[in-house]
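K.L.:
Quick one: structure below, then a few questions.
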Amino acid sequence: MRNSVFALFMLVSVASYAASNPSLDITITGVKEQTGSLRIAIFNSKETFQKEPHITLAIPVDSDTIEFSVEELAVGEFAVMLFHDIDSNEKMKTNLVGMPREPWGASLEGTTIFGPPKWKDVMFEHTDTGTSLTIELQ
Amino acid sequence: MLRREFIKGLGGVGASIVAPGLTAASETTNTMTSSELAANELNAFRSSFINVPEIYGPTQVNFDKPLPDGLVGTLYRNGPALFKRGDTEYKHWFDGDGMIHSFFMSGSSLTHKASMVHTDRFVAEQEAGRFLWPAFGTAFENGRSATKADDVNAANTSVLPVKDELWALWEGGSAWVVDSESLETRGRKVFSEETDGLSFSAHPKVDADGRIWNFGYVSGADTLIVYDLAANGQLNRVQTINTPNTNMVHDFAITEQYLIFVLLPITFEWPQSDKPVAFADMIGWDANEPVNVLVVNKSTLEVEQQFETPSFFAFHFGNAWQDGKQVRVELATSDPWDSLNEQFLRATQGHTLNHYTAEDENAPGAVELVIDMHKKMVSIELLPIIGGDFPVYDSRYIGNRTSHLFMTNRSSTLSADVFGFNQIVRYDRQSGKTQSYDYGADVLAEEHLFVPQKGGSEGEGWLLGSSYNWKEQMTSLSVFNASAVTDGPIATTKLPYHLPIGLHGKFVAS
């Protein structure tokens, strides 16, 4: 609901890491249109949340459920924010005051929120046994 | 209490509020019967929300006397109506899902019908058999996230007739379109991509030429949104204004050249804990901060002048107009937000109300802001209406000087344990005199609208309003000669049921 919340979904590339990291398996549900791509940002600290993504990804949307794995994360605290870039313009469509106009999701893991997601709402612990997340598009 | 602060601001004498606090004996449960509710003054207001169906009518009844020939048309009203689903219950008047009422009147006949606004929220909660999302003043365990304003849109505050549509208005999010004939919900109003989902207030103003002005706000973001719409509802222009105090903004006024905003020192903070929270939990009242008065130019939609005044609280505006270099703005002030909000919560739950002292009861109600555009200063003049709210005027003269202001108020016959209004007041600016009609101790008066008499001069016409007899649990509709309020209703009809006490309406002449 604030201007700044979704401003940093300008995604560029995927960093490359050693293959020995635990896997982060993400399932995206609630896809309404099978077009465009999911644009995903993974943050690794409260300070950089919604400002500087640690990793960014773009995944084509060809199904109403999308599954993928991220193998580039060491153990630690992370948060996932993503939106469905339906019009493939690489930007989240918003209204005049920055509210999302394309479906979006976050690693809320059942947390109920009022207003835009904050770090405490979306942060999860990625451990050496790996992590599975299901994110429903809003 | 706001009144006290307000008097201080004017250099007057303070007063105090007696807060007896909740007592176990006064608290009610959901299992109370209708007769138990009726026997209890603390439930006078609350009892109107019990046994409310999702659809009323159509029900035809007759007035006790024929209506004046010129008074033919439909009164549309909106208000919070649904307060309980399954085991979940709302605690605040502003929480209830909106219900649109249509009262068609002609000759001696009145036909009433009503229907709930089927917002996305209403439909999902109906299916779930419980309230899911946080409301204005109530939050629920195991509920759903509210990530955009329309998730929690109750569409419960007012209506705006536009062509053959009614817009069911809330203030935090979109208008909902309702068919003015069938009262069926058509869908959420989206003016354009850039305004999709934005706040659209429940108090739009319609210029004499039909043009519609409105505003919205973004809590926590110092952002006011200004809308300029054509008479057919098409969006002409939208503009954001960066300004303090946009955490909760209820009403505004227009003049020939200006839009007038009175932005109150309501604080806002996003929730810090994981406990379920309602909007009212995120806002607060800072009496030490000033009220921010904005004068926005209608041509440019830019702020032309900005002023600060000592803190006071007001929901509703009367008329406003330019008088030479001055802009005069009628306002109904009331208690400060924190104490007012507590009264709403207590009244809606049937809890003991806070009682006012004699000084509080005599504190200012209606005031006039006098903005001197030349000297760049604002002053406040008191109007001789103590307390009261729901100010109305002859809207044919919106933005131009009017001499008559009508409000609902509390008379001394109403018990301090009963929440609401029971009196209609008319103020004549030229004579300086007020007239009033007292509905008595058993009746709660809702907003009474002014309906102009065709060809009549300013202030000539009728006042039209519903009232709830809480002892009998029945709702009536009354018509007054607006020039002779003291004489009492010139026609009244009683419905064969009661209606939930609502908020605002509009009359559409046939």
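Chains as they are written, first to last, in the working numbering: chain A, 1 to 138; chain B, 1001 to 1510. From the three backbone atoms N, C-alpha and C, an ideal C-beta is built for every residue, glycine too. Please read all numbers here as calculations on a predicted model, not as lab measurements.
#1: Going by Cα to Cα distance, which pick from V1249(B), Y1356(B), H1374(B) is closest to T1418(B)?
#2: Take H1498(B) and list the residues in its own chain whose beta-carbon comes closer than 7 Å to its own, dropping the five residues that flank it on each side.
#3: Say whether the stretch 1424-1438 of chain B touches the stretch 1403-1410 of chain B, bearing in mind that this needs 3 or more beta-carbon pairs closer than 8 Å, one atom from each stretch.
#4: Would the beta-carbon of F1191(B) fall within 9 Å of that of Y1227(B)?
#5: Reducing DSSP to helix, strand and coil, say where L947(B) ends up.
#6: Between the stretch 104-123 of chain A and the stretch 53-60 of chain A, do at least 3 Cβ pairs fall closer than 8 Å?
#7: Let me check understanding here. Comparing Cα to Cα, which of L1229(B), M1377(B), D1207(B), R1237(B) lies closest to T1255(B)?
#8: Please name the residue in F1307(B), V1238(B), G1465(B), P1391(B) whose C-alpha comes closest to that of D1251(B).
#9: Which same chain residues, not among the five before or five after V1162(B), have their C-beta less than 6 Å away from its C-beta?
#10: How far does the beta strand (DSSP E) with Q1423(B) in it extend, from its first residue to its last?
#11: Would you call the stretch 1325-1335 of chain B and the stretch 1278-1288 of chain B in contact, with 3 or more CB pairs under 8 Å?
#12: Got a sec, what are the start and stop residues for the alpha helix (DSSP H) R1281(B) sits in?
#13: Which same chain residues, not among the five before or five after F1261(B), have their C-beta less than 6 Å away from its C-beta?
#14: Return the CA-CA distance between L137(A) and E77(A), expressed in angstroms with no decimal places.
#15: Are the stretch 1363-1382 of chain B and the stretch 1277-1286 of chain B in contact at 8 Å, needing three or more beta carbon pairs?
#16: Just the Cα atoms here: how many angstroms apart are P100(A) and E33(A)?
#17: With distances taken from CA atoms, which of G1502(B), V1479(B), H1504(B) is nearest S1109(B)?
#18: Strictly under 9 Å for the Cβ-Cβ distance: is S1411(B) near chain A by that measure?
#19: Give me the residue from F1140(B), G1098(B), A1114(B) with the minimum Cα distance to D1120(B).
#20: Nearest to G1465(B) by CA position, among T1147(B), I1241(B), V1443(B), is which residue?
#21: Between R1144(B) and chain A, is the shortest Cβ-Cβ distance under 9 Å, so that the two count as touching?
#22: Where in the stretch 1139-1218 of chain B do unbroken runs of the beta strand (DSSP E), each at least 3 residues long, occur, reported from the N-terminal end onward?
#23: Give me, in chain order, the residues of the same chain whose beta-carbon lies closer than 6 Å to that of A1347(B); leave out the 5 immediate sequence neighbours on both sides.
#24: Between G105(A) and G30(A), is the Cβ-Cβ spacing less than 9 Å?
#25: Quick one: what's got a C-beta closer than 6 Å to N1142(B)'s C-beta in the same chain, skipping five residues either side?
#26: Taking 9 Å as the CB-CB cut-off, is L82(A) touching chain B?
#27: So, are the CB atoms of F21(A) and L73(A) less than 9 Å apart?
#28: Nearest CA to the CA of V1370(B): which residue from G1172(B), R1410(B), W1321(B)?
#29: Between the alpha carbons of N996(B) and T127(A), how many angstroms are there, rounded?
#30: Taking C-alpha atoms, which residue in G1057(B), A1416(B), K1298(B) lies nearest to N1043(B)?
P.N.:
Per the coordinate set shown:
#1: As a position in the second sequence, residue 1418(B) is number 418, starting the count at 1. The amino acid occupying residue 1418(B) in the given sequence is Val; Thr does not appear at that position. Nearest option by C-alpha distance: Y1356(B).
#2: In the second sequence, residue 1498(B) corresponds to position 498, counting from 1. Once the five neighbours on either side are set aside, the close Cβ partners of H1498(B) are S1048, Y1468, Q1473, M1474, T1475.
#3: yes
#4: Within the second sequence, numbered from 1, the residue matching residue 1191(B) stands at position 191. Within the second sequence, numbered from 1, the residue matching residue 1227(B) stands at position 227. Taking 9 Å as the Cβ cut-off, F1191(B) and Y1227(B) qualify as a contacting pair.
#5: There is simply no residue 947(B) to check, as chain B begins at 1001 and stops at 1510 in what is shown.
#6: no
#7: Counting from one through the second sequence, the residue named residue 1255(B) turns up at place 255. Nearest of L1229(B), M1377(B), D1207(B), R1237(B) to T1255(B), Cα basis: D1207(B).
#8: Numbered from 1 along the second sequence, position 251 holds the residue referred to as residue 1251(B). Closest option to D1251(B), Cα to Cα, is P1391(B).
#9: Here residue 1162(B) refers to the residue found at position 162 when the second sequence is read from its first residue. Result list for V1162(B): G1233, in chain order.
#10: On the second sequence, residue 1423(B) is found 423 positions in, with the first residue counted as 1. Element bounds for Q1423(B): 1423-1428.
#11: no
#12: For the purposes of this step, residue 1281(B) is taken as residue 281 along the second sequence, with counting starting at 1. It should be noted that the sequence gives Asp, not Arg, for residue 1281(B). Looking at the DSSP string, the run of the alpha helix (DSSP H) that includes D1281(B) is 1279-1282.
#13: Working through the second sequence from its first residue, we reach residue 1261(B) at position 261. Excluding sequence neighbours, F1261(B) sits near F1252, L1294.
#14: Working through the first sequence from its first residue, we reach residue 137(A) at position 137. Working through the first sequence from its first residue, we reach residue 77(A) at position 77. When rounded, the distance between both Cα atoms is 22 Å.
#15: No, they do not touch.
#16: Walking along the first sequence from the start, residue 100(A) turns up at place 100. Walking along the first sequence from the start, residue 33(A) turns up at place 33. Taking the straight line from one Cα to the other gives about 16 Å.
#17: The residue labelled residue 1109(B) in the question sits at position 109 within the second sequence. That would be V1479(B), whose Cα lies nearest to the Cα of S1109(B).
#18: For the purposes of this step, residue 1411(B) is taken as residue 411 along the second sequence, with counting starting at 1. For S1411(B), the answer is no, since every Cβ of chain A falls outside 9 Å of its Cβ.
#19: If you number the second sequence from 1, residue 1120(B) lands on position 120. Nearest of F1140(B), G1098(B), A1114(B) to D1120(B), Cα basis: G1098(B).
#20: In the second sequence, the residue the question calls residue 1465(B) occupies position 465. Nearest of T1147(B), I1241(B), V1443(B) to G1465(B), Cα basis: V1443(B).
#21: Walking along the second sequence from the start, residue 1144(B) turns up at place 144. Answer yes: the Cβ-Cβ gap between R1144(B) and chain A drops below 9 Å somewhere.
#22: 1158-1162, 1165-1169, 1176-1179, 1185-1188, 1212-1218
#23: Numbered from its first residue, the second sequence carries residue 1347(B) at position 347. Cβ within range, chain order: F1045, F1419.
#24: In the first sequence, residue 105(A) corresponds to position 105, counting from 1. In the first sequence, residue 30(A) corresponds to position 30, counting from 1. Taking 9 Å as the Cβ cut-off, G105(A) and G30(A) qualify as a contacting pair.
#25: Along the second sequence, one-based indexing puts residue 1142(B) at 142. Taken in chain order, the list of residues that qualify is empty.
#26: In the first sequence, residue 82(A) corresponds to position 82, counting from 1. So no, L82(A) is outside the interface.
#27: Residue 21(A) sits at position 21 when you count from the first residue of the first sequence. Residue 73(A) sits at position 73 when you count from the first residue of the first sequence. Contrary to the premise, residue 21(A) reads as Asn rather than Phe in this sequence. Contact flag set, yes.
#28: Stepping through the second sequence from its first residue, residue 1370(B) is reached at position 370. The candidate whose alpha carbon is nearest that of V1370(B) is W1321(B).
#29: The requested residue 996(B) does not occur in the structure, where chain B is confined to residues 1001 to 1510.
#30: As a first step, residue 1043(B) is located in the second sequence; it is residue number 43 there, counting from the start. Ranking G1057(B), A1416(B), K1298(B) by Cα distance to N1043(B) puts A1416(B) first.
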